[in-house]
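What follows is a short report on a single structure.
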Amino acid sequence: MSEEKPTIVVKPNGSLRVTGAQLIGADGEVITDKEGFSLCRCGASKDKPFCDGSHREAGFEDAGTHSPVS
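Residues 1 to 70 (full-length UniProt numbering) are what the sequence shown spells out, left to right.
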């Protein structure tokens with residue numbers, strides 16, 4: 001795991017791209033500690049919580065109302 005600042009990027013009509021963070025489950029176990037991973041936000045992924053690209057086939061469209069968090 002690098003020491004970079006954790007970031008989450010909202011991909012238009014797609015996933016949440018996470019870098020610089022681990023994903024930890026409710027049981028406290030590390031689910032992934034890859035340098036970066038994408039999380040599903042359309043609900044159609046067969047590999048939840050990860051994105052598998054199903055949003056394209058599902059025709060997922062976000063509301064486009066994301067605001068930066070400081």
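Backbone N, C-alpha and C define an ideal beta-carbon position, used for all residues, glycine too.
Since the model is a prediction, treat every value here as computed from it, not as a measurement.
Q: Pull up the distance between the alpha-carbon of E3 and that of V18, whole angstroms please.
A: 14 Å
Q. Who are S38's beta bridge partners in DSSP?
A. R17
Q | Residue range of the alpha helix (DSSP H) that includes S54 | A | 54-58
Q: Leaving out five residues on either side along the sequence, give the residues of the same chain with a beta carbon under 8 Å from the beta carbon of P12.
A: D62, G64
Q. Considering only residues of the same chain and omitting the five flanking positions on each side of D52, which have a CB-CB separation below 7 Å?
A. S45, K46
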